[in-house]
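A.B. asks:
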Amino acid sequence: MGAYILRRLLLIIPTLLGIMVINFTLVQFVPGGPIEQILAQMEGQGDVFESISGGGAETFDNAANDDGYIGARGLPQEFIEELEREFGSDYPPLLRFLYMMWRYIRFYFGESFFRSISVVDLVIEKMPVSITLGLWSTLIAYLVSIPLGIRKAIRDGSRFDTWTSALIIVAYAIPGFLFAIMLLVLFAGGSYLQWFPLRGLTSENFDELSAAGKVVDYLWHITLPVLASSIAGFATLTLLTKNSFLDEIKKQYVVTAKAKGLKESSVLYGHVFRNAMLIVIAGFPAAFVSIFFTGAFIIEIVFSLDVLGLLCCEAVLNRDYPVVFGTLFIFSLMGLSV
């Protein structure tokens, strides 16, 4: 056991290094870094990506005719060099990468280029909502999938097993964001019912509510996002539970227990359940991390939730590299550790 844990820990190092190397290398070929973003805005081209695609040409031409406009006079080379020193782009890529990794292994992730706040503080600020979504989605998936998987194992091959398998496979095939939109249309004031709020995690008067009112308001807002986030996890977990129970039911100790006259419920929940649940429960951390970090980004956009997925997306679009690589390092390390 100790040797296995040691191997897992040692494998984290090259895997994490490979993830950082690949992403850092790709970034070197992506146009529109943070300096280009600032220069494009100061020269009147709005966003650097508009200038690359030609969308900012008209704005730039109009602004150039204004004698008081800084872009018409050109930006001083000293200012550009100062920006390069500030963002660290005056060093070769290899030195920048080594310096970045040296800071990261000491868990110093720097500050955001554009928000004047540390990367760690940004992550901590967004993490409660992401943990809420991940934890509730994982718990609901387990609470539904385990009883359903046990029932399917007991009635393997029956009509119930066939129909439930079809339903969960169809649910698994539906993209989470599409299911989220469907929930909004049906239950959040779309074309049908208005049972749940359209966006956000709390109401505007949340601070004025009583303790019980805050709990109810929170659950009211979180219902649809949690359902949309957990729907895809039902299929895998249900089938895993069913197959695990089927494997245990066919073992010799179960046959012996039944031959001794034990009730089926006693055999199932007194012996089979404990053994069959080992593989299911062991996957809980990985399932939580998976829902926590990966599959909820578009769902978060649909429900207007200010969480980690949205933070990472905005950092990539804005070329806020400390946030991009800092969150990548943190999340990759957590994902590889479970």
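When you line the sequence shown up against numbering that gives the first Met the number 0, it's residues 0 to 337, in that order.
In this text, a Cβ means the ideal position worked out from N, Cα and C, and glycines have one as well.
(1) Going by other Cβ atoms of all chains shown within 10 Å of its Cβ, with 16 needed for buried, is proline 146 buried or exposed?
(2) So the alpha helix (DSSP H) histidine 270 belongs to, where does it begin and stop?
(3) Contact defined as beta carbons within less than 8 Å: I believe leucine 239 pairs with valine 266. What is the distance between those atoms, to the nearest angstrom?
(4) Between glycine 282 and the ligand HEM, is there a pair consisting of the residue's CB and a ligand heavy atom that are separated by less than 7 Å?
(5) May I ask you to list the residues that DSSP assigns as paired with serine 117?
(6) How would you write the range of the alpha helix (DSSP H) that threonine 235 sits in, first residue to last?
(7) Return the chain-ordered list of same chain residues with a C-beta closer than 8 Å to the C-beta of aspartate 246, the five sequence neighbours on each side being excluded.
(8) Determine the extent of the alpha helix (DSSP H) in which proline 13 is found, giving its start and end residues.
(9) Is the CB-CB distance between serine 136 and serine 229 below 8 Å?
(10) Just to check my reading of the structure: valine 301 and alanine 314 have Cβ atoms closer than 8 Å, yes? What is that Cβ distance to the nearest angstrom?
(11) Restricting to Cα atoms, I'd like to know which of Phe96, Phe195 and Thr131 is closest to alanine 179.
(12) To which residues of the same chain is methionine 181 closer than 7 Å at the C-beta, ignoring the five residues directly before and after it?
(13) Taking the DSSP output, what are the residues bridged to alanine 165?
(14) Would valine 215 be called buried (16 or more neighbouring beta carbons within 10 Å of its own) or exposed?
(15) For isoleucine 372, count neighbouring Cβ atoms within 10 angstroms of its own Cβ and tell me buried if that reaches 16, exposed if not.
(16) At what residues does the alpha helix (DSSP H) containing tyrosine 320 begin and finish?
(17) When you compare the region 249-263 with the region 161-178, are there three or more beta-carbon pairs, one atom per stretch, that lie closer than 8 Å?
(18) Looking at the strands, I want to know which residues DSSP matches up with alanine 187.
(19) Would you check if there are 3 or more beta carbon pairs closer than 8 Å linking the region 303-320 to the region 196-215?
(20) For leucine 25, count neighbouring Cβ atoms within 10 angstroms of its own Cβ and tell me buried if that reaches 16, exposed if not.
(21) Among residues of its own chain, excluding the 5 on either side of aspartate 60, which ones have a beta-carbon nearer than 7 Å to its beta-carbon?
(22) Starting from the C-beta of alanine 187, find all residues in its chain whose C-beta is less than 6 Å away, skip the five residues before and the five after it, and write them out in chain order.
(23) Given alanine 170, which residues of its chain have a CB within under 7 Å of its CB, disregarding the five upstream and five downstream residues?
(24) Between threonine 326 and proline 92, what straight-line distance do the alpha-carbon atoms span, to the nearest angstrom?
C.D. replies: Reading it off the structure:
(1) exposed
(2) It is not in any alpha helix (DSSP H) - histidine 270 carries neither H nor E in the DSSP assignment.
(3) Their Cβ separation, rounded to whole angstroms, is 21 Å, which puts leucine 239 and valine 266 out of contact at 8 Å.
(4) Annotation note on the ligand HEM: not contained in the displayed structure, which lists no ligands.
(5) Glu110
(6) 232-248
(7) Ala275
(8) 1-27
(9) yes
(10) With a Cβ gap of about 20 Å, valine 301 and alanine 314 do not count as contacting.
(11) Phe195
(12) none
(13) DSSP lists no partner for alanine 165.
(14) exposed
(15) Given that the chain is displayed from residue 0 to residue 337, the structure contains no residue 372 and the question cannot be resolved.
(16) 320-336
(17) no
(18) Gln193
(19) yes
(20) exposed
(21) For aspartate 60, the predicted structure reports a pLDDT of 41, less than 50, and the residue's modelled location is therefore unreliable. The matter cannot be settled from this model.
(22) Phe195 and Leu197
(23) Ile230, Phe233 and Ala234
(24) 20 Å
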